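Colleague: The sequence shown maps to residues 8 to 272 in the working numbering. Yeah, the Cβ is synthetic: ideal placement off N, Cα and C, and Gly gets one too. These numbers come from a predicted model, not from an experiment.
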Amino acid sequence: RDQTVLAALAAGAAFLILFAAIEARSREAAMMPLSLYRSRNFAATNALTLLVYFALGGALYYLPFGLIRLGGYSATQAGASLLPFALIMGFGASLAGALSDRFGPRLSLTAGPIIAASGLTLLALVDFRGSYWTGVFPAICVLAIGMTITVPPLTSTVMSSVGEARAGIASGINNAVARVAGLFAVAALGAVLFASFSQYLAAPPAHANDALNAVLAGQAGLDQDAIAAFDRALRTVTLIAALCAALGGVVGWLWIRPIGSEATR
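(1) Give the secondary structure of Thr162 by DSSP, where H, G and I count as helix, E and B as strand, and everything else as coil.
(2) Taking 7 Å as the CB-CB limit, is Gly255 close to chain C?
(3) Would a C-beta distance cut-off of 7 Å place Leu200 and Val244 closer than the cut-off?
(4) Can you check which of these residues, Gly175, Leu63, Leu229, Val258, is closest to Gly126 by C-alpha distance?
(5) By DSSP, does Trp262 sit in helix, in strand, or in coil?
(6) Starting from Arg113, follow the alpha helix (DSSP H) in both directions and report where the run begins and ends.
(7) Can you give me the start and stop residues for the alpha helix (DSSP H) that Gln226 sits inside?
(8) Can you tell which of Gly78, Ala224, Ala195 has its C-alpha closest to the C-alpha of Trp140?
(9) Give me, in chain order, the residues of the same chain whose beta-carbon lies closer than 6 Å to that of Pro71; leave out the 5 immediate sequence neighbours on both sides.
(10) Return the chain-ordered list of same chain residues with a C-beta closer than 8 Å to the C-beta of Arg272, the five sequence neighbours on each side being excluded.
(11) Please classify Gly256: is it buried, with 16 or more other beta-carbons within 10 angstroms of its beta-carbon, or exposed?
(12) Identify whether Met154 lies in helix, strand or coil by the three-state DSSP scheme.
(13) Straight-line CA distance for Ala15 to Arg109?
(14) My guess is that Ala66 and Ala195 are in contact by the Cβ rule of under 8 Å, so how many angstroms apart are they, rounded?
(15) Assuming Ser205 is part of the alpha helix (DSSP H), what are its boundary residues?
(16) Keeping to the same chain, check which residues put their C-beta closer than 7 Å to that of Asp238; ignore five residues upstream and five downstream.
(17) Identify the continuous alpha helix (DSSP H) that holds Arg47 and give its terminal residues.
(18) Please determine, among Ala146, Leu132, Val184, the residue with the shortest C-alpha to C-alpha distance to Ser88.
(19) Compare the Cα-Cα distances from Ala4 to each of Leu55, Leu43, Ala28, Pro40 and report the closest residue.
(20) Would you call the CB atoms of Gly197 and Phe135 closer than 7 Å?
(21) Find out if the Cβ-Cβ distance for the pair Ser115, Ile180 is shorter than 7 Å.
(22) For Gly259, which of Leu246, Gly104, Leu58 has the nearest alpha-carbon?
(23) Residues in its own chain within less than 8 Å of Ala100 by CB, not counting five upstream and five downstream?
Encoded structure:
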């Protein structure tokens with residue numbers, strides 16, 4: 008139930024605060040030296056990572072449910088529909104890195120998340136029952152282009168922001184932030200999905216949990232009202248993910264500075 012999810016999120020946030028307090032007292036022996044956050048670029052890139060990977064992790068976790076339950080895809084087809092994302096990121100990473108080297112990380116870390124947000128917005132507007140090639144495919148490609156532009160400069164900026172001696176620690180922290188962001192996204196957006204589904208469902212709220220479980224499990228003979236409510240709830244979740252990605256672009260524009268400049272310190 009969403010109350011359980013919210014309680015777990017609150018507990019997780021409390022443990023993160025406790026961890027930060029312990030790290031502050033540990034100083035030189037800390038696993039995550041808080042002094043690293045004195046670097047403007049380090050703090051900004053981690054905030055951007057949190058927002059963008061929250062958006063990506065949450066949207067891509069729930070997207071297959073939409074493809075399967077609303078679009079009638081098989082599990083194999085739903086997985087294959089995301090292949091363009093991996094291909095674009097794999098083949099475009101070197102070009103994205105070269106563009107970042109030429110124009111600086113600020114432009115890439117602004118444009119990339121905003122393009123990714125545009126892709127997520129397209130996904131929120133897609134009719135999963137329509138053609139894959141005119142609906143899901145272009146949205147996935149736009150999302151992939153945005154992430155491809157974002158990831159290489161994100162990695163290089165976070166490592167260069169703290170100096171060579173601490174580059175490994177910086178990379179490890181940034182990877183941890185990305186993983187935590189994805190975990191929080193699944194939990195938090197799951198609560199949003201349930202709350203939205205309950206709101207859109209015509210049946211009494213007491214039946215919402217069973218109805219949503221039935222939709223996610225793909226039970227046959229589902230009420231069309233439950234299917235429609237799930238469709239609208241999934242769009243709400245995806246739009247929230249798009250907003251988070253766009254906020255990442257705002258962080259990139261406002262706080263990222265050229266690598267090596269005094270403003271990053």
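Modeller: Concretely, from the data shown:
(1) helix
(2) Absence of chain C from the displayed structure is noted, only one protein chain being present.
(3) yes
(4) Leu63
(5) Looking at Trp262 - three-state DSSP - the assignment turns out to be helix.
(6) From DSSP, the alpha helix (DSSP H) with Arg113 extends over 112–132.
(7) Here Gln226 belongs to no alpha helix (DSSP H), and DSSP marks it neither H nor E.
(8) Gly78
(9) Ala85
(10) Confidence at Arg272 is low in this model, with a pLDDT of 48, below 50, so its placement is unreliable and the value that follows should be read with caution. These residues qualify, in order along the chain: Arg45, Ser46, Arg47.
(11) Burial call: buried.
(12) Note: Met154 maps to helix in three-state DSSP.
(13) Between the C-alpha atoms of Ala15 and Arg109 there is a straight-line separation of about 44 Å.
(14) That belief does not hold up - the Cβ atoms of Ala66 and Ala195 are roughly 12 Å apart, past 8 Å.
(15) 174–207 is the span of the alpha helix (DSSP H), which, as asked, contains Ser205.
(16) Scanning its chain for C-beta atoms nearer than 7 Å, with the 5 sequence neighbours on each side dropped, one finds around Asp238 the residues Leu77, in chain order.
(17) 47–76
(18) Scanning Ala146, Leu132, Val184 for the CA closest to the CA of Ser88 turns up Ala146.
(19) Nothing about residue 4 can be reported from this structure: the residues present for the chain run from 8 to 272 only.
(20) no
(21) With respect to the 7 Å criterion, Ser115 and Ile180 are not classified as neighbours on the basis of their beta carbons.
(22) Leu58
(23) Thr155, Val158, Pro159
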